[in-house]
Amino acid sequence: MENDKSKQYIYIVQASLEPSKCKIGKTDNLERRLNEYNSMTGKSQENFYRFLFTCEVSDMAAVEKEIKAGFSKFREKKSREIYFFNDDLFDDYVNFIKSHKLFVEEIFIKTEENKPVVKTVKKATPSLKERGLSSKDLLQKAQMVKNDEFYTRYEDVEKELSMYDKSIWENKIVFCNCDDAVDNADDRKNSAFALYFRKHFKELGLKKLICTHYAGKVDLFNQGLKAYVAYISYTTDGENIHKDYPKGYDGSFDHPLSLKILREEADIVCTNPPFSRAIDYWEITIKSGKKFIIISNIINPITPAFIPYFKDNRIWAGYNRVDYFLNPKRQLTDAAGHWYTNFPIKDRPKYELLKIMPLKDIPEKHKKYDDSKTLLVDNCYIPSNIKKPFAVSARPILNGLLEKGYKIIEENESYVAFVNGKKCFRRVLVQKI
Ligand SMILES: C[S@@+](CC[C@H](N)C(=O)[O-])C[C@H]1O[C@@H](n2cnc3c(N)ncnc32)[C@H](O)[C@@H]1O
29 MENDKSKQYI YIVQASLEPS KCKIGKTDNL ERRLNEYNSM TGKSQENFYR
79 FLFTCEVSDM AAVEKEIKAG FSKFREKKSR EIYFFNDDLF DDYVNFIKSH
129 KLFVEEIFIK TEENKPVVKT VKKATPSLKE RGLSSKDLLQ KAQMVKNDEF
179 YTRYEDVEKE LSMYDKSIWE NKIVFCNCDD AVDNADDRKN SAFALYFRKH
229 FKELGLKKLI CTHYAGKVDL FNQGLKAYVA YISYTTDGEN IHKDYPKGYD
279 GSFDHPLSLK ILREEADIVC TNPPFSRAID YWEITIKSGK KFIIISNIIN
329 PITPAFIPYF KDNRIWAGYN RVDYFLNPKR QLTDAAGHWY TNFPIKDRPK
379 YELLKIMPLK DIPEKHKKYD DSKTLLVDNC YIPSNIKKPF AVSARPILNG
429 LLEKGYKIIE ENESYVAFVN GKKCFRRVLV QKI
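Laid out in structure tokens, this is it:
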């Protein structure tokens, strides 16, 4: 496969389980790109990506831009890289590219079919339901037993980060500070965060990327026992990676060196921190005053330690939830994660899931009063004409309720409702402003 870094390529790639779609993109390394699709996406053994067409061009950004404009009708609205696919459309895509003035030559690559690196959990493994667990239980369990060893999938990082206005990254130093390993030779030894920022470094206009490797008991990314700080920048010669192995450094986000980098260098913090240390991580990150986009448990908006941050508008939900991680064997694992940030969320798409209406219009089965006569609403139904506090689950908060004229009224506690003397789920009390 072609690997010459000075060359630029356009490709059409397709997942075996999604024959009605394909992705069209640009890269300076076809092999790495295909590996990213197959090893970082968490696809199952039956689902593998292969190139349908690859060619060299003299300016990949320009060609890609014109493809996007020329075939805008055939692109998925949400995932801008995805194009609809059938034989006729494929011919159109290829003809368009081949007749472009910047087209150099077609490259023929022998695809090693059906060789994905990621495996899914074997069928014999009981499902969460069979084990009587929900994915929330699993993350809470991880929090308790200190099982922090999950990989974030590349596609989840890409899906979230690509939704922010590109200008937020311009000339910024991004700090990935929870075992975000960097490896030049093997993509699988990079965290998905490191890989995303390395891949999009120039496009985002980053100034620098700083990633730390944590020297914990589990060496998730096979980076050895020594912690390091990796500094990534771009010079006229291309990507420049410099790794420092300071004496006594353990790579922890709360090590003095990590805190110094956070304080003095970082503009934006971005990672999936260990669940068992989420309380400390949130405190340090939020108090630093830096911008951040991070993953954490989906129930944080109703968890006592985190409620004050939502109440004071110091953090809010990002765009997406995170339903899967990869375990150390790179098997798909259910997750109950969500993105959180302090960047503005533009026209939050999930507002439309909030059903704000007069109390009388909320279906009976979605409203009830608990033993203390507090109103409980579920399924994202929100009363618009009630002045008194009422209790909601995490979901409406994640869908932007606090941006729609409602506020959290508790200080440090989540609300536990009792109905007929029976303890119900945890909730949070909110009130119309
Ligand atoms: C959920 S994993 C995510 C790993 C990687 N950031 C990713 O997104 O794929 C959390 C990682 O943080 C590491 N970790 C545990 N304690 C840490 C600490 N105090 N400081 C930094 N990283 C830590 C764990 O070993 C684990 O690799």
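In this note's numbering, the protein residues as written are 29 to 461. We put the beta carbon where it would ideally sit given N, CA and C, even for glycine.
Taking contact to mean at least 3 C-beta pairs separated by less than 8 Å, is the segment 190 to 200 in contact with the segment 230 to 240? yes
Exposed or buried, what is D184 when buried is set at 16 or more other beta-carbons lying within 10 Å of its beta-carbon? Numbered from its first residue, the sequence shown carries residue 184 at position 156. So D184 ends up on the buried side.
Counted within 10 angstroms of its Cβ, other Cβ atoms place E92 as buried (16 or more) or exposed: One-based indexing of the sequence shown puts residue 92 at position 64. Classification of E92: buried, given that the 10 Å Cβ count is 16 or more.
Is the Cβ-Cβ distance between V458 and P391 less than 9 Å? On the sequence shown, position 430 is the one that residue 458 refers to. On the sequence shown, position 363 is the one that residue 391 refers to. No, they are not a contact pair.
Ligand 1 heavy atoms versus the CB of L248: any closer than 8 Å? Here residue 248 corresponds to residue number 220 of the sequence shown, with the count starting at 1. Within the cutoff, so yes.
My output table needs one value for G98: the three-state DSSP class, helix, strand or coil. As a working mapping, residue 98 is identified with position 70 in the sequence shown. Three-state DSSP puts G98 in a helix.
Nearest to V202 by CA position, among P386, E177, Y259, is which residue? Residue mapping note: residue 202 aligns to position 174 of the sequence shown, counting from 1. For the residues P386, E177, Y259, the minimum Cα distance to V202 belongs to Y259.
Pull up the distance between the alpha-carbon of N66 and that of F79, whole angstroms please. Here residue 66 refers to the residue found at position 38 when the sequence shown is read from its first residue. Here residue 79 refers to the residue found at position 51 when the sequence shown is read from its first residue. Taking the straight line joining both Cα atoms gives about 11 Å.
Express the C-alpha separation of L189 and D87 in angstroms, rounding to a whole number. Start at 1 with the first residue of the sequence shown, and residue 87 comes out as number 59. Start at 1 with the first residue of the sequence shown, and residue 189 comes out as number 161. Using only the alpha carbons, I get a separation of about 25 Å.
Taking 8 Å as the line, does the beta carbon of N225 fall inside it for any heavy atom of ligand 1? Mapped onto the sequence shown, residue 225 falls at position 197. In the sequence on display, residue 225 carries Phe and not Asn. Checking the Cβ of F225 against ligand 1 gives no.
Alpha carbon to alpha carbon, how far is L403 from V447? Give it in angstroms, no decimals. Translated into positions along the sequence shown, residue 447 becomes position 419. Translated into positions along the sequence shown, residue 403 becomes position 375. About 11 Å.
So within the segment 169 to 215, which uninterrupted beta strand (DSSP E) runs reach at least 3 residues, ignoring any that extend past its ends? 201 to 204
Counting C-beta neighbours from all protein chains within 10 Å, is the total for T331 16 or more, i.e. buried, or is it exposed? Locating residue 331 in the sequence shown gives position 303, where the first residue counts as 1. Looking at its Cβ environment, which holds 16 or more other Cβ atoms inside 10 Å, T331 is buried.
How many angstroms separate the CA atom of I321 from the CA atom of H394? As a first step, residue 321 is located in the sequence shown; it is residue number 293 there, counting from the start. As a first step, residue 394 is located in the sequence shown; it is residue number 366 there, counting from the start. Going by the C-alpha atoms only, they are around 33 Å apart.
Examine ligand 1 and report whether any of its heavy atoms sits within less than 8 Å of the Cβ of N300. Counted from its first residue, the sequence shown places residue 300 at position 272. For ligand 1, at least one heavy atom lies less than 8 Å from the Cβ of N300.
N-terminal and C-terminal residue of the alpha helix (DSSP H) that P284 is part of: Indexing the sequence shown from 1 puts residue 284 at position 256. P284 -> alpha helix (DSSP H) spans 284 to 292.
Sheet register partners of A43 (DSSP bridge): Taking the sequence shown and counting its residues from 1, one reaches residue 43 at position 15. A43 is bridged to Y77.
Can you list, in chain order, the residues of its chain whose CB lies under 6 Å from that of F81, leaving out five sequence neighbours each side? Position 53 of the sequence shown holds residue 81. Excluding positions up to five away in sequence, the list reads I40, V122.
If you measure from the CB of R216, is any heavy atom of ligand 3 nearer than 8 Å? Among the ligands in the structure shown, ligand 3 does not appear; only ligand 1 can be found there.
DSSP-derived helix/strand/coil call for R61: The residue labelled residue 61 in the question sits at position 33 within the sequence shown. In this structure, R61 counts as helix in the three-state DSSP scheme.
According to DSSP, is K462 part of a helix, a strand, or is it coil? The requested residue 462 is not part of the displayed model; the chain covers only 29 to 461.
What did DSSP end up calling R376 once you bin it into helix, strand or coil? Numbered from its first residue, the sequence shown carries residue 376 at position 348. Three-state DSSP puts R376 in coil, outside helix and strand.
Cβ-based burial, H270 [other Cβ within 10 Å; buried from 16]: Along the sequence shown, one-based indexing puts residue 270 at 242. Classification for H270: exposed.
Contact check, A345 vs W367 under 8 Å by CB: the rounded distance? Indexing the sequence shown from 1 puts residue 345 at position 317. Indexing the sequence shown from 1 puts residue 367 at position 339. About 7 Å; that satisfies the 8 Å criterion.
CA-to-CA distance, Y37 to N212, given in whole angstroms: As a working mapping, residue 212 is identified with position 184 in the sequence shown. As a working mapping, residue 37 is identified with position 9 in the sequence shown. Between N212 and Y37, the C-alpha separation is close to 20 Å.
Please report the straight-line C-alpha distance between S316 and H241, rounded to a whole angstrom. Taking the sequence shown and counting its residues from 1, one reaches residue 316 at position 288. Taking the sequence shown and counting its residues from 1, one reaches residue 241 at position 213. Approximately 21 Å, taken between the alpha carbons.
Nearest to D282 by CA position, among P274, Y309, I296, F338, is which residue? The residue given as residue 282 occupies position 254 in the sequence shown. Ranking P274, Y309, I296, F338 by Cα distance to D282 puts Y309 first.
First and last residue of the alpha helix (DSSP H) that includes K8? Past the edges of the chain, shown from 29 to 461, lies residue 8, and the structure says nothing about it.
According to DSSP, is D265 helix, strand or coil? Residue mapping note: residue 265 aligns to position 237 of the sequence shown, counting from 1. The answer is coil: DSSP assigns D265 none of H, G, I, E or B.
Within a Cβ cutoff of 6 Å, which residues of the same chain sit near N142, ignoring the five residues on either side of it in sequence? Within the sequence shown, numbered from 1, the residue matching residue 142 stands at position 114. Unreliable positioning characterises N142 in this predicted model, as indicated by a pLDDT of 43, which lies under 50. A coordinate reading is not provided.
Indicate, with yes or no, if ligand 1 has a heavy atom lying under 8 Å from the CB of N325. Sequence index remark: in the sequence shown, residue 325 carries index 297 (1-based). No, since every heavy atom of ligand 1 falls outside the 8 Å radius drawn around the Cβ of N325.
Look at the Cβ atom of F303, then the Cβ atom of D176, and state whether they are nearer than 9 Å. Residue mapping note: residue 303 aligns to position 275 of the sequence shown, counting from 1. Residue mapping note: residue 176 aligns to position 148 of the sequence shown, counting from 1. Yes, the Cβ-Cβ distance between F303 and D176 is below 9 Å.
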